[in-house]
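If you count by the working numbering, then the sequence shown holds residues 1084 to 1526, one letter each, in order.
We treat Cβ as the ideally placed atom computed from N, Cα and C, and that holds for glycine.
So the structure is just underneath, and the comments pick up after that.
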Amino acid sequence: MNLSDSWLLSRVSTRVLTASVGGLLGWWLGERLGYPFGMSVAGAASAMVTLSVLDTLNGHRVLDWLRTPELDAPELPGLWGEVATRVQRVTNGLRNDVAQERARLDQFLSAIDASPNGVLLLDAADHISWISSSSADHFGLNPQRDLQQRVTNLIRQPAFVQYLAAGDFREPVKCPMSRGNQSYLLIQVKPYGEGLKLVISQDITERERADTMRRDFVANVSHEIRTPLTVLNGFIETMGALPLTEVERTRVISLMAQQAERMQSLVSDLLTLAQIEGSPRPASDRWLKVDKLMQRIESDAHGLSRERHPMVFRTDADGRQIELAGIESEWLSAMLNLVSNAVRYTPEGKPIDVSWTMLPEGGAEFSVKDGGIGISAEHIPRLTERFYRVDGSRSRDTGGTGLGLSIVKHVVQRHGGELRVTSESGKGSVFTLVVPAVRVRLV
Ligand code: ADP
C-alpha cells in the first residue's frame, strides 16, 4: 500500500467513523430522551443518510467544476474540498507548463521569422503547416490563409515542383521569384521527423547581379586590353618582317604609342576605381581650396583642347573663397573627367563653360556645360555603367576608356553628393556635381 492509499483509507475511515459516531449519538440521544428503541435507530440512520447526501452533493459540485476547470475550485469542507484543491493545484501547474512551452515555441518561431531566409514547414503530404514572413514574401504566400494548402498548388515554379517531386535534396535549386523582375531564390529542402520537410529559401538576387556584373566586367576588361594588344602585336610583326622606310617606321611607332597609351589609361582608370571602392568614406574636415582645384582643371583643359574650344572658367562666390571637404585626388579626378569628356565630345569652335556655384538652398555645384554632340535620352540612365559608351569608336579614338563617368559617380556619391546629367542630341550637355552643404563652406 502506498502513501496516497493509506491517506485515502484514513480519510474514508474518518468519514465512516464520523457517520457511525453521529449515528450512535442519535441513537443514544433517542434513548436518553425516552424514545423507543426503533425511533432511536431511525434517528441514527437519518443522521447517516444526511451525511451521505451531503457527501454526494459535494461530490457533484466537484464533478461540475471538473467539467469547467477554468473556473476556480469550489470551496468545500472535508474530503471533497481537499480533492478540489489538489486537482486545482495540479491543473494550475499543468496550465503554467503549457503556457511556458507555448511562450518558448512563440519565441522560437519569432526568431525563425526574423531571419532574412524564408522557412516553410510541410507535413508528410506536402501541405503547408507554417510560413515565415520572409518565406511569404519570397513565394507570394499569405501566412494565415495559405496554411494546410498543398505547397505545389501555390508555388508552381517548374524548377521547384520538379525538385520536390524528385526528392533528391542534397543540393539546393535556383528559382525565379514570384515577384519576377530578375529576382532569384535559392531553395533547399531539408527533410526531418517522419516525412516532414523544411523549405529554406534565400533571396540571391543581389548575389546574382553582382556575379553577372563581375563576369561582364572581367569580359570587358579583357576585351579592352586585348584589342590594343592585338594591334600592337600586328605592328611588331610588320616591323620584324618588312623593311620599312623611315616615314613608315615613324608612323607605325606613333600608332604603337597610341595603343600603349590606351592600355595605360585603362589600367590607370581601373586602379583609380579599385582604390576608390576599397577606401573608407572620405573625412569631412579636410578642406580644399576650390580656386586651387580650378587652376589645375583650367590648365589641363587648355592642354587637352589645344585652343580648339572657347572656354570659360568661373567661380560664383560673391568675392569669397569656396572650400570643399574631401579627398583632393578624388575631386580632381571627377572634375577632370567631366572637363576631358566635354573637350573630347565637343567639336572644334563650340564653347565649353566650367563653373563652381554656391547654391541658395545650401551646398554647391560644379558644372561643365558644352555645346557638343550631346546624348539622346535613352542613353543617359546608363552613362555611368562601366564601359558603357554611346559611340564606342569615338570614345576610343579620343582616348576614352568607358570608365570616366563611373569614376565620377563613385567619387561624388562617396562625398555625399550626386551626379546630374542633362543633354540633348546635337545640342550639347551639362554634367553637374552636386555637393552637399556639409562638404562646402565659404571663407
Ligand atoms: P569614355 O571614356 O568613353 O568617355 P565615360 O564614362 O567618360 O567614358 O563616358 C561614357 C560615355 O558617355 C561616352 O562614351 C560618351 O558616349 C558619353 N559622354 C560622356 N560625356 C559626354 C559629353 N560631354 N558629350 C557627349 N557624350 C558624352
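Met1339 (DSSP reduced to helix, strand or coil) | The residue you call residue 1339 lines up with position 256 of the sequence shown. When secondary structure is reduced to three states using DSSP, Met1339 falls in the helix class.
Measure the C-alpha to C-alpha separation of Leu1466 and Glu1411 and round it to an integer number of angstroms.
-> Along the sequence shown, read from residue 1 onward, the residue named residue 1466 stands at position 383. Along the sequence shown, read from residue 1 onward, the residue named residue 1411 stands at position 328. Approximately 24 Å, taken between the alpha carbons.
Same chain, Cβ closer than 7 Å to Gly1455, neighbours up to 5 away in sequence not counted | Taking the sequence shown and counting its residues from 1, one reaches residue 1455 at position 372. Same-chain partners within the cutoff: Ala1425, Tyr1428, Thr1429, Pro1430, Lys1433, Gly1511, Ser1512.
Just checking my contact of Ser1416 with Ile1490 at CB under 8 Å: how many whole Å lie between their CB atoms?
-> Here residue 1416 refers to the residue found at position 333 when the sequence shown is read from its first residue. Here residue 1490 refers to the residue found at position 407 when the sequence shown is read from its first residue. So it is a contact: roughly 6 Å between Cβ atoms.
Does the Cβ-Cβ distance between Pro1255 and Ile1270 come in under 8 Å?
-> Numbered from its first residue, the sequence shown carries residue 1255 at position 172. Numbered from its first residue, the sequence shown carries residue 1270 at position 187. Result yes, Cβ atoms of Pro1255 and Ile1270 sit closer than 8 Å.
For Gly1483, verify whether its CB is less than 7 Å away from any heavy atom of ligand 1.
-> By one-based count along the sequence shown, residue 1483 stands at place 400. Because some heavy atom of ligand 1 lies under 7 Å away, the Cβ of Gly1483 counts as near it: yes.
From the DSSP output, which residues share a beta bridge with Gln1271?
-> Sequence index remark: in the sequence shown, residue 1271 carries index 188 (1-based). Paired residues: Ile1283.
Met1296 burial status per 10 Å Cβ neighbour count (16 or more: buried) | Residue mapping note: residue 1296 aligns to position 213 of the sequence shown, counting from 1. Exposed, since its Cβ has fewer than 16 Cβ neighbours within 10 Å.
If you pair each beta-carbon of the segment 1458-1465 with each one of the segment 1479-1499, do three or more pairs fall below 8 Å?
-> no
Is the closest heavy atom of ligand 1 to the C-beta of Leu1466 under 7 Å?
-> Translated into the one-based positions of the sequence shown, residue 1466 becomes position 383. At least one heavy atom of ligand 1 falls within 7 Å of the beta-carbon of Leu1466.
Ala1460: CB within 7 Å of a non-hydrogen atom of ligand 1 = Position 377 of the sequence shown, counted from the start, is the residue given in the question as residue 1460. Checking the Cβ of Ala1460 against ligand 1 gives no.
How about Val1272: is its Cβ closer than 7 Å to a heavy atom in ligand 1?
-> The residue given as residue 1272 occupies position 189 in the sequence shown. No, ligand 1 has no heavy atom inside 7 Å of this Cβ.
Do the segment 1392-1406 and the segment 1345-1365 meet, that is, are 3 or more Cβ pairs less than 8 Å apart?
-> no
Considering only residues of the same chain and omitting the five flanking positions on each side of Glu1277, which have a CB-CB separation below 7 Å?
-> Sequence index remark: in the sequence shown, residue 1277 carries index 194 (1-based). Same-chain partners within the cutoff: Ala1207.
Could you tell me the distance, in whole angstroms, from the CA atom of Leu1354 to the CA atom of Val1473?
-> Indexing the sequence shown from 1 puts residue 1354 at position 271. Indexing the sequence shown from 1 puts residue 1473 at position 390. Each residue's Cα considered, the two are about 23 Å apart.
How many Å lie between Leu1149 and Ser1129 at the Cα?
-> In the sequence shown, residue 1149 corresponds to position 66, counting from 1. In the sequence shown, residue 1129 corresponds to position 46, counting from 1. Cα to Cα, the separation comes out at about 30 Å.
In its own chain, which residues sit with a C-beta less than 7 Å from the C-beta of Asp1374, not counting the 5 before and 5 after it?
-> As a working note, residue 1374 is residue 291 in the sequence shown. Cβ neighbours of Asp1374 beyond the five flanking positions: Thr1398, Gln1404.
Nearest to Leu1419 by CA position, among Arg1144, Ile1380, Leu1325, is which residue?
-> Residue mapping note: residue 1419 aligns to position 336 of the sequence shown, counting from 1. Out of Arg1144, Ile1380, Leu1325, Ile1380 has the C-alpha closest to the C-alpha of Leu1419.
Excluding sequence positions up to five away, which residues of its chain have a Cβ less than 8 Å from the Cβ of Arg1364?
-> As a position in the sequence shown, residue 1364 is number 281, starting the count at 1. Answer for Arg1364: Arg1497, listed in chain order.
Could you give the distance in angstroms between the alpha-carbon of Tyr1246 and the alpha-carbon of Asp1294?
-> Residue mapping note: residue 1246 aligns to position 163 of the sequence shown, counting from 1. Residue mapping note: residue 1294 aligns to position 211 of the sequence shown, counting from 1. Distance between the alpha carbons of Tyr1246 and Asp1294: 24 Å.
Can you give the Cα-Cα distance for Asp1352 and Ser1261, rounded to whole angstroms?
-> As a first step, residue 1352 is located in the sequence shown; it is residue number 269 there, counting from the start. As a first step, residue 1261 is located in the sequence shown; it is residue number 178 there, counting from the start. Their backbone Cα atoms lie some 40 Å apart in a straight line.
Mind reading off the beta-carbon distance from Glu1501 to Val1517? Whole number of angstroms is fine, and I expect it under 8 Å.
-> The residue given as residue 1501 occupies position 418 in the sequence shown. The residue given as residue 1517 occupies position 434 in the sequence shown. The pair is a contact, with the Cβ atoms about 5 Å apart (cut-off 8 Å).
Less than 8 Å separating the beta-carbons of Thr1515 and Glu1448?
-> Counted from its first residue, the sequence shown places residue 1515 at position 432. Counted from its first residue, the sequence shown places residue 1448 at position 365. Yes, the pair counts as a contact, with Cβ atoms nearer than the cut-off.
N-terminal and C-terminal residue of the alpha helix (DSSP H) that Asp1299 is part of = As a first step, residue 1299 is located in the sequence shown; it is residue number 216 there, counting from the start. Note, Asp1299: alpha helix (DSSP H), 1288-1324.
Start-end ranges of the beta strand (DSSP E) lying completely within the segment 1142-1202, minimum 3 residues | none
Buried or exposed for Phe1191, please, with buried defined as at least 16 other CB atoms from any protein chain shown within 10 angstroms of its CB.
-> On the sequence shown, residue 1191 is found 108 positions in, with the first residue counted as 1. The residue is exposed, with fewer than 16 neighbouring Cβ atoms inside 10 Å.
By how many angstroms is the C-alpha of Gly1386 removed from the C-alpha of Met1339?
-> Residue 1339 sits at position 256 when you count from the first residue of the sequence shown. Residue 1386 sits at position 303 when you count from the first residue of the sequence shown. Using only the alpha carbons, I get a separation of about 22 Å.
Going by beta carbon distance, what residues of the same chain come within less than 6 Å of Gly1223, once the five residues before and after it are set aside?
-> Position 140 of the sequence shown, counted from the first residue, corresponds to residue 1223. Here the set comprises Ser1261.
Heavy atom of ligand 1 less than 7 Å from the Cβ of Gly1432, yes or no?
-> Along the sequence shown, read from residue 1 onward, the residue named residue 1432 stands at position 349. Flag unset: Cβ of Gly1432 not near ligand 1.
Quick one: using the 10 Å Cβ neighbour count with 16 as the cut-off for buried, is Ser1506 buried or exposed?
-> Position 423 of the sequence shown holds residue 1506. Under this definition Ser1506 is a buried residue.
Buried versus exposed, by CB contacts within 10 Å (16 or more), Pro1311 = For the purposes of this step, residue 1311 is taken as residue 228 along the sequence shown, with counting starting at 1. Counting Cβ neighbours within 10 Å, Pro1311 comes out buried, since at least 16 surround it.
Rounded to whole angstroms, what's the CA-CA distance from Leu1136 to Thr1174? Just pull it up for me.
-> Position 53 of the sequence shown, counted from the first residue, corresponds to residue 1136. Position 91 of the sequence shown, counted from the first residue, corresponds to residue 1174. The sequence shown places Val at residue 1136, not Leu. Each residue's Cα considered, the two are about 28 Å apart.
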